[in-house]
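Asker: If you use the working numbering, the sequence shown corresponds to residues 72 to 369, in order. Here a beta-carbon is modelled for each residue, glycine too, at the ideal position from N, C-alpha and C. Attaching a single structure in structure tokens format; questions to follow.
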Amino acid sequence: MTIQEKIQKLKKEKNAIILAHNYQLPEVQDIADFVGDSLELARISAQVKEEVIIFCGVHFMAETASILAPDKKVILPDLFAGCPLANTITPREVKELKEKYPNYAVVAYVNTSAEVKAESDYICTSANATFIVEKIPEEKVIFIPDRNLGYYVSKHTKKEIIIWNGFCPTHQRILPQDIIALKEKYKDAKVVVHPECRKEVLDLADKIASTSGIIKFVKEDNGKRYIIGTEVGLLHRLRKENPEKEFYLASPLAICPNMKKITLDKILTSLENLEPEVKVEESTREKAIKPIERMLSL
Ligand code: 13P
72 MTIQEKIQKL KKEKNAIILA HNYQLPEVQD IADFVGDSLE LARISAQVKE
122 EVIIFCGVHF MAETASILAP DKKVILPDLF AGCPLANTIT PREVKELKEK
172 YPNYAVVAYV NTSAEVKAES DYICTSANAT FIVEKIPEEK VIFIPDRNLG
222 YYVSKHTKKE IIIWNGFCPT HQRILPQDII ALKEKYKDAK VVVHPECRKE
272 VLDLADKIAS TSGIIKFVKE DNGKRYIIGT EVGLLHRLRK ENPEKEFYLA
322 SPLAICPNMK KITLDKILTS LENLEPEVKV EESTREKAIK PIERMLSL
């Protein structure tokens, strides 16, 4: 039996579903029941029928699934698959911000720990950040923790925004000169980037979108070539779903070491042992679910 067959067999026996983020290794994406962006994975987690969720992504994503599906066992095949962006802000720092700016609503990007979510008023993802900020009744917003997504949102709203200074190291490695050099080589290529890219890169983009937003844009667009400013994992789906189009990764350094920690071997072991589990403690979950539900209801 191949490892893929073993995983499929065990998945049925253990009544499990495999969810994978768009940045996962190609072979992990191919074995998953669903591949998507943070918002899609959160929505699916809330509706899963199986008893076990094998979450192929990073820690905060598995936590979000645990918050939304507390009666399910959420397994992250490698507990060390973290998110350095999520680690740029602590719950204590959020409390301090709220004390300093009492009339502001805290809008937290989903790339945050459960404890930070518990201190926030609304959650957003890269797919809906501007929409959420525009839709909420408050006119003053503290946006945490991604400064680039915050910059992108601030360009699309008249609301007053205080932005935390966090960033994703993988997206930060994509430089404007990378885009300019590729643009010189492939003059007709469209520049499509994730909003976690630095603002000098965002300013060069034809389209800024979440990972699944990039996939949707490319599918519907009538172009042939695309310079992709996000993590390398996304190119797997882009190439698979658009074999007639050409994709160029904006930088060879756009590789997230944490997303690459999940392998087929680890998925198999985690199915065998049903661990390591990610379980958000109930008192934190009760608080953290409120801003997530506010997002999902908007
Ligand atoms: P998406 O929600 O666009 O998939 O982004 C998640 C993420 O962590 C980007 O680095």
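1) What's the gap between the Cα of S322 and the Cα of I245?
2) Between which two residues does the alpha helix (DSSP H) carrying E364 extend?
3) Closest by CA to Q118, which one among T334, K80, L168, A136?
4) Can you look up A179 in the DSSP assignment and give me helix, strand or coil?
5) Flag this pair as touching only if the segment 292–300 and the segment 202–216 have three or more C-beta atom pairs under 8 Å; answer yes or no.
6) Can you list, in chain order, the residues of its chain whose CB lies under 7 Å from that of A140, leaving out five sequence neighbours each side?
7) Should A198 be listed as close to the ligand 13P, given that the test is whether its C-beta is under 7 Å from any heavy atom?
8) Rounded to whole angstroms, what is the Cα-Cα separation between G107 and K229?
9) Return the residue from the list C154, F151, L112, S184 that minimises the CA-CA distance to E164.
10) Would you kindly work out how many angstroms separate the C-alpha atoms of V177 and E186, rounded to a whole number?
11) Answer yes or no: the CB of C127 versus the heavy atoms of the ligand 13P, is any distance below 7 Å?
12) Along the chain, where does the beta strand (DSSP E) that runs through F318 open and close?
13) Per DSSP, what are the beta-bridge partners of D277 in this structure?
14) Contact between the segment 303–317 and the segment 283–291: three or more CB pairs below 8 Å?
15) In whole angstroms, give me the CA-to-CA distance for S197 and L220.
16) Use the C-beta contact count for S341: other C-beta atoms within 10 angstroms, 16 or more gives buried, fewer gives exposed.
17) Less than 7 Å between C-beta atoms, sequence neighbours within five positions excluded: which residues of the same chain meet that for I250?
18) Kindly indicate the opening and closing residues of the alpha helix (DSSP H) around V187.
19) Considering S90, what are the terminal residues of the beta strand (DSSP E) in which it resides?
20) Measuring alpha carbon to alpha carbon, tell me which of K278, K254, L150 ends up nearest L345.
21) Suppose you measure from the CA of Q100 to the CA of Q248; what does that come to, to the nearest Å?
22) Using DSSP bridges, identify the partner residues of D217.
Answerer: The structure says:
1) Residue numbering aside, residue 322 sits at position 251 when the sequence shown is read from its first letter. Residue numbering aside, residue 245 sits at position 174 when the sequence shown is read from its first letter. Whole-angstrom Cα-Cα distance: 6 Å.
2) Within the sequence shown, residue 364 is the residue found at index 293, counting from 1. Where E364 is concerned, the enclosing alpha helix (DSSP H) stretches over 353–368.
3) Along the sequence shown, read from residue 1 onward, the residue named residue 118 stands at position 47. With distances taken between Cα atoms, Q118 lies closest to A136.
4) Start at 1 with the first residue of the sequence shown, and residue 179 comes out as number 108. Three-state DSSP puts A179 in a strand.
5) no
6) Translated into positions along the sequence shown, residue 140 becomes position 69. Answer for A140: S116, A117, V119, I124, listed in chain order.
7) In the sequence shown, the residue the question calls residue 198 occupies position 127. Within the cutoff, so yes.
8) Residue 107 sits at position 36 when you count from the first residue of the sequence shown. Residue 229 sits at position 158 when you count from the first residue of the sequence shown. Approximately 30 Å between the Cα atoms of the pair.
9) Your numbering for residue 164 matches position 93 in the sequence shown. Out of C154, F151, L112, S184, S184 has the C-alpha closest to the C-alpha of E164.
10) Translated into the one-based positions of the sequence shown, residue 177 becomes position 106. Translated into the one-based positions of the sequence shown, residue 186 becomes position 115. Between V177 and E186, the C-alpha separation is close to 14 Å.
11) By 1-based counting over the sequence shown, the position of residue 127 is 56. No, since every heavy atom of the ligand 13P falls outside the 7 Å radius drawn around the Cβ of C127.
12) Residue 318 sits at position 247 when you count from the first residue of the sequence shown. Segment 317–320, the beta strand (DSSP E) holding F318.
13) Counted from its first residue, the sequence shown places residue 277 at position 206. Note: D277 sits in no beta bridge, so no partner.
14) yes
15) The residue labelled residue 197 in the question sits at position 126 within the sequence shown. The residue labelled residue 220 in the question sits at position 149 within the sequence shown. Taking the straight line joining both Cα atoms gives about 7 Å.
16) Mapped onto the sequence shown, residue 341 falls at position 270. Buried.
17) As a working mapping, residue 250 is identified with position 179 in the sequence shown. Cβ neighbours of I250 beyond the five flanking positions: V262, V272, L275, I298, G300, A321.
18) Along the sequence shown, read from residue 1 onward, the residue named residue 187 stands at position 116. Element bounds for V187: 185–189.
19) As a working note, residue 90 is residue 19 in the sequence shown. Going by the sequence as given, residue 90 is Leu instead of Ser. Counting along the chain, the beta strand (DSSP E) containing L90 begins and ends at 87–92.
20) As a first step, residue 345 must be located in the sequence shown, where it is residue number 274. Comparing Cα positions, the closest option is L150.
21) Here residue 100 refers to the residue found at position 29 when the sequence shown is read from its first residue. Here residue 248 refers to the residue found at position 177 when the sequence shown is read from its first residue. Approximately 31 Å, taken between the alpha carbons.
22) In the sequence shown, counting from the first residue as 1, residue 217 sits at position 146. Answer is G237, bridged to D217.
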